[in-house]
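Structure first, then comments.
There are 6 protein chains.
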Amino acid sequence: MRPSGRTPDQMRTISIESRFTKHAEGSCLIGFGETKVLVTASIEERVPPFLRGKGEGWVTAEYGMLPRATHTRGNREAAKGKQSGRTQEIQRLIGRSLRAVVDMKALGERQIVLDCDVIQADGGTRTASISGAWVALRLAVDTLIEKKLLTVDPIKQKVAAVSCGIYKGTPVLDLDYDEDSNAGADANFVLTEDGNIAEAQATAEGETYDEEALLRLLRLARMGCTDIFAAQAAATGR
Amino acid sequence: MRPSGRTPDQMRTISIESRFTKHAEGSCLIGFGETKVLVTASIEERVPPFLRGKGEGWVTAEYGMLPRATHTRGNREAAKGKQSGRTQEIQRLIGRSLRAVVDMKALGERQIVLDCDVIQADGGTRTASISGAWVALRLAVDTLIEKKLLTVDPIKQKVAAVSCGIYKGTPVLDLDYDEDSNAGADANFVLTEDGNIAEAQATAEGETYDEEALLRLLRLARMGCTDIFAAQAAATGR
Amino acid sequence: MRPSGRTPDQMRTISIESRFTKHAEGSCLIGFGETKVLVTASIEERVPPFLRGKGEGWVTAEYGMLPRATHTRGNREAAKGKQSGRTQEIQRLIGRSLRAVVDMKALGERQIVLDCDVIQADGGTRTASISGAWVALRLAVDTLIEKKLLTVDPIKQKVAAVSCGIYKGTPVLDLDYDEDSNAGADANFVLTEDGNIAEAQATAEGETYDEEALLRLLRLARMGCTDIFAAQAAATGR
Amino acid sequence: MRPSGRTPDQMRTISIESRFTKHAEGSCLIGFGETKVLVTASIEERVPPFLRGKGEGWVTAEYGMLPRATHTRGNREAAKGKQSGRTQEIQRLIGRSLRAVVDMKALGERQIVLDCDVIQADGGTRTASISGAWVALRLAVDTLIEKKLLTVDPIKQKVAAVSCGIYKGTPVLDLDYDEDSNAGADANFVLTEDGNIAEAQATAEGETYDEEALLRLLRLARMGCTDIFAAQAAATGR
Amino acid sequence: MRPSGRTPDQMRTISIESRFTKHAEGSCLIGFGETKVLVTASIEERVPPFLRGKGEGWVTAEYGMLPRATHTRGNREAAKGKQSGRTQEIQRLIGRSLRAVVDMKALGERQIVLDCDVIQADGGTRTASISGAWVALRLAVDTLIEKKLLTVDPIKQKVAAVSCGIYKGTPVLDLDYDEDSNAGADANFVLTEDGNIAEAQATAEGETYDEEALLRLLRLARMGCTDIFAAQAAATGR
Amino acid sequence: MRPSGRTPDQMRTISIESRFTKHAEGSCLIGFGETKVLVTASIEERVPPFLRGKGEGWVTAEYGMLPRATHTRGNREAAKGKQSGRTQEIQRLIGRSLRAVVDMKALGERQIVLDCDVIQADGGTRTASISGAWVALRLAVDTLIEKKLLTVDPIKQKVAAVSCGIYKGTPVLDLDYDEDSNAGADANFVLTEDGNIAEAQATAEGETYDEEALLRLLRLARMGCTDIFAAQAAATGR
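Residue numbers (UniProt numbering), protein chains in the order written: chain A, 1 to 238; chain B, 1 to 238; chain C, 1 to 238; chain D, 1 to 238; chain E, 1 to 238; chain F, 1 to 238.
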């Protein structure tokens, strides 16, 4: 049995509160159970140096964890003077995942920055971040369309992410903190609405795993993402 | 007239949502109008090196602004690799303000860290942080009392803070962003419930001001803090 | 009685040695008793990015403490790789204080940087820095006037600063180190020659203070600044 | 056709020069074609703080790229003052991969640091690093066994890594730089000699991919790792 | 007797493997006995800001030591976030030494960066770096000449460097690690092929030395550099 | 003719004001003409980690340049967040030079830190620093002897430093800024009172130099150091 009493293929409650802050062009507070992430999308009418003058846009992400989002307080990265390797790895993953569903030519020479700040952590912060980032991005792009700054929608489809793992020998969906810290394998899948994979990352923790396990985890992820796509649709009307 | 339509001595709506996050020993989401700050209080059973073995506690604070808390996105301090002078100045002020109402001997050899993270900014983030930090601190100390780790309450009284300034020649209470960016003088007062001053900071912006103006701003601050003390009482039952 | 034998309203000896270094456009070595600060004013024919092309000038300050300016050696900030929060807070205060008496339009699109380096510390380094910075600024601006690069004097009036505090229950002027480390309240006032306030900062140390105490400290500061204005006049012939 | 003329399932020439440097307890220069990585294994008789006194060892890795390992010179990370997110992501991956095949209890309370420095880059630097790190680790552990500091071999089996990707629509093994910069999907698999997976990472570049593609890439990786295991065996006599 | 059995005026074996890496315009792996340094020369068609538009070129150097180049592992400078004083001192010396034999006007407005990375250290890493840097520079400039980007050879002559020291009272040439860590004086000479001195640095270690000793060390250095010039000629055909 | 009108073997006026600051155990303001350096010696009853428990002392130095010590303002290293390579090279040289005349066993397990801060620069700041550091060190050690914390004097003899160079073809002593920026070779010699050499550094600037030139520069340095030793004696009564 899972500590939370969930069945192996059961997601935690997904909650998405759109337009959580007033300044950002797009934003939401996404919850996967007790994990809560505030995501904002900021439109900037400029692109990174390597893209200047190419007529293409860019989507990038930053990730942070409030110091007391966790069971015990962690040091503030701004005070330490650098972002951890974990933080950088996660923000690179979020950026890549969102770029997988955006047509950069259609976006035009502008950048959208997705800030994912974890208010409360209980496992799955990176997958909640990716799933919430799509909502914030969608809302931000909608403002560009409303203002007729875009005529073609640059977002090709939905993207969502969920973690899966092998907990006490059983593949389970959407690990919470209790499960995550005891999982035998830990995977994160970023899936698109058309059923494809944008990113798969599966790491052995303690014991290595076989191809069959990888496939079972992927199938669980598909089930979870179906739920997330529905929540994203409800939150954005798309 | 003030941009918000408020009278000169009128605070914005004060909202305090206690226990906003589940891991911190004390927490709240405090709002002064559209300014929203999440404050957590973390109890650590150790003190900074300069206090070790002295039987005294410590209260300190850290402050941060989410990148898109503001009208335009600011760079993330963790990514820049350092905290700005403004951030450091504010977190030092918050720490001093709270220490003014805590009996460090009674607290015992432990530290309470107050993290103030601005979710949305519309002027007055440092005063909202101080006012909310008292709530988080109060709730955290209450858990120590409930667990009988403390027998004497180390919190001597309430402390609150509010900004005042001279807007278009008129002293006004609790500046919002529109006023703040046009104020002729900008003051922050940290007051205790017994009517005393823990900290007064009044800066000329553009024009210097006279003693009479300083006193009028202080009197406005007293009115504002009375409202904040009431909200703190409602939020903590103290 | 004060440790130094001074009366409560007595300043330490103010010494100002103008043109202490030969390269800077303006400079002085200012002493408030044993506190000695070297201030240089450097004219740069450019302004920070946010002012470019606006036809306005800028005045800013940096502050440093030589490692052995103090009783025991402090670590060199350049070696630690960052300026402390205290350093940043002080240099921001110095810059604001000087800007309060400068007409930026009249200064034209150039920047004056005030470097305040504490050679020896005995309390009041920030107030000596501000008072000396006015002298260095005055001398530097005079060179611009002499060279006919300026036709209108951009300095509107003198500005000076002094600390006051409550020592053993008595409000006293110009705290030295022995008093400062035992003061019940610690205030810094930045006053202009016309009797106005550019900045007031009063912090409770240990005990909070009341409005009456704030006013008494302010009145002491007025007395001290009168002496400093006279010393500034003697040092600059203005 | 692949730019190199290789068949889709053909690895580049694998070269491993054992004991390339004289100070390290274990070392090799590994080549996957023109990609050359120098790996050293350093035994330290201490463990990170979180493991002290637990009787367990640790294996960790650091990764670096010489400035001119690449087509155009990159800035030296030591001069920039920080490691890039890419560097941190890779060194975390290398460490995890090697830990997957080490019994930390059997290793005892000591740490082995694997330094992977890229001398020349032509795609696949992280997979060559992992594969070479196993060799360096094996040689270092062998010195502990020879000195009778270990009686049980803590290395459970071989581990190797290889990249695969979809190049012009065809799944291919062991991407070189020309292929890597044009691949439609980019995957890295870390496999153990018993046929299991230690880590799978597959990223869409430009286009997302389906489950079938993931499986085909995994099968190519198995073929490549078989070759690498043979080269590791030849280089270590194990 | 020297630990290595060499006579006092005997160099270690000098080995130079030209064009060690394929991307750099010039490169070599230079060995002074067991000391091995990889040097690459990178041509960049731009110069530092202080030279822009002056029609002159620049030659600069960076130096690094792989973490396990030494007997015990040293921390990676990129991970520590800064280069040590020793590293900076050495790379400044290498740059100066090479600039002493280059005609910057003839080089034209381009920069050549010499990266010296120590693969294995056994004393004399800075002198091997300088001597190898000349080879890499020569090869890189030759590519410019071959491409007819240069018509006049900007390299005026050869430059080489060697260390000397007083070991157990006897002046000896080309100290290895065992000698270096016990030398009574430690000198590095950078000499040009025409018999002149580009840089002399002689440091007392433990005991100061006299003028006669300085001259004897210089004469040993001349002997050593003669050997190095020959090896440079063999490696470059110049 | 030299710009200053000095003869080739003429030092600038050497001024040493002992005990310039009150907190340091030893201090002086040393002037070589218009170059002015404040040196303090701080005694610390602890040694760096590598010396703990060995019964030996340590002498080290730090160097800094006030931002406007120079013709145009330089950036403050504390604000930039790191010390330049030049700064580190100089402070390493100062420390080595002083250690050459101190018996570390006799000093006992304590450290003396020499802070050399350039108030005004006109060439020769490193040589003035070394020469002044000996004075500050001497005064600090004298306080240990007076307090009977030391019975044997750990300072073996005087040490001084001076620069020499080839200016318009003529070897000259004690270069000032005008000469330094045009010198054909630039040398710094650190000499001991017994006529020996603690450190010799001679760098070609533009043109290389021969052995004869090196010797002529060394002889000039001997003449200059004779003057400095006399000034040190006058300043310390030793």
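All C-beta atoms, glycine included, are put in the ideal place defined by N, C-alpha and C.
Nothing here was measured: the structure is a model prediction, and the numbers come from that model.
- When 9 Å is used as the limit between beta carbons, D:PRO67 is near these residues of chain E: THR40, SER42, GLU62, GLY64, VAL113, ASP115 and ASP117, in chain order.
- Checking the DSSP bridge columns, you'll see B:PRO49 has no partner listed.
- For F:TYR209, the nearest CB of chain E lies under 7 Å from its own CB, placing it at the interface with that chain.
- In the DSSP assignment, F:ILE90 is bridged to no other residue.
- A direct Cα-to-Cα measurement between F:GLY224 and F:LEU173 gives close to 7 Å.
- Neighbours of C:GLY85 in chain B, taken as residues whose beta carbon is under 9 Å from its own, are GLN83, GLY85, THR87, GLN88, GLU89, GLN91 and ARG92 in chain order.
- Exposed is the label assigned to E:THR72, since fewer than 16 other Cβ atoms lie within 10 Å of its Cβ.
- Around the Cβ of D:MET65, a 10 Å sphere holds 16 or more other Cβ atoms; the residue is buried.
- Proximity of the stretch 118 to 126 of chain B to the stretch 32 to 50 of chain B meets the contact definition, three or more beta-carbon pairs being nearer than 8 Å.
- D:PHE20 carries a coil assignment under DSSP once its states are collapsed to helix, strand and coil.
- For A:ARG110 and A:VAL102, the gap between their C-alpha atoms comes out near 13 Å.
- Within the UniProt domain "Exoribonuclease phosphorolytic" (159 to 222) of chain A, the complete beta strand (DSSP E) segments at least 3 residues long are 159 to 167, 170 to 173, 185 to 192 and 197 to 204, listed from N- to C-terminus.
- Against chain C, a Cβ distance below 8 Å from B:LEU98 picks out nothing, because the smallest value is about 12 Å.
- DSSP places E:GLN120 within a strand segment (E or B) once states are collapsed to three.
- It is roughly 19 Å from the alpha-carbon of B:PHE189 to the alpha-carbon of B:LYS156.
- One alpha carbon belongs to F:GLU211, the other to F:SER27, and they sit about 38 Å apart.
- Closest by C-alpha distance to D:CYS116, out of D:LYS105, D:MET104, D:LYS54 and D:LEU137, is D:LEU137.
- For E:ALA128, not one C-beta of chain F is nearer than 7 Å to its own C-beta.
- In the three-state reduction of the DSSP assignment, F:SER27 falls in the strand class.
- Taking 7 Å as the CB threshold, D:THR13 stays off the interface with chain E.
- Approximately 18 Å separates the beta-carbon atoms of B:ILE112 and B:ALA161; this is outside 8 Å, ruling out the contact.
- Residue-level contact check: A:ASN182 does not touch chain D, since none of the beta carbons of chain D fall below 7 Å from its beta carbon.
- Residue pairing by DSSP places F:THR236 in no beta bridge whatsoever.
- Between D:LEU107 and D:PRO154, the beta carbon gap of about 4 Å places them in contact (Cβ cut-off 8 Å).
- Of all C-beta pairs linking the stretch 81 to 92 of chain E to the stretch 41 to 49 of chain D, fewer than three are shorter than 8 Å, placing the two stretches out of contact.
- For the stretch 71 to 82 of chain E, the set of positions with a beta-carbon nearer than 7 Å to some beta-carbon of chain D reads HIS71, ARG73, ARG76, GLU77, ALA78, ALA79, GLY81 and LYS82 in chain order.
- For a cut-off of 8 Å, the C-beta gap from D:LEU144 to D:ARG19 is around 16 Å, too long to register as a contact.
- Look at C:ALA202: its C-beta is not under 7 Å from any C-beta on chain F.
- Counting other Cβ atoms within 10 Å of its Cβ, B:GLY165 reaches 16 or more and is therefore classed as buried.
- Assignment of B:ASP115 by DSSP, reduced to helix, strand and coil, places it in the strand class.
- Annotation for D:GLU205: ALA183, GLY184, ALA185 and ASP186 place their beta carbon closer than 7 Å to its own, counting only its chain and skipping 5 residues before and after.
- Under the three-state reduction of DSSP output, C:SER15 falls in the strand class.
- Under the Cβ criterion of 7 Å, D:GLN10 is not counted among the residues facing chain E.
- When secondary structure is reduced to three states using DSSP, E:VAL152 falls in the coil class, being assigned neither helix nor strand.
- Annotation for D:VAL135: the continuous alpha helix (DSSP H) segment containing it runs 125 to 146.
- The residue from A:ARG238, A:VAL118, A:THR60 and A:LEU191 with its alpha-carbon nearest to that of D:THR203 is A:LEU191.
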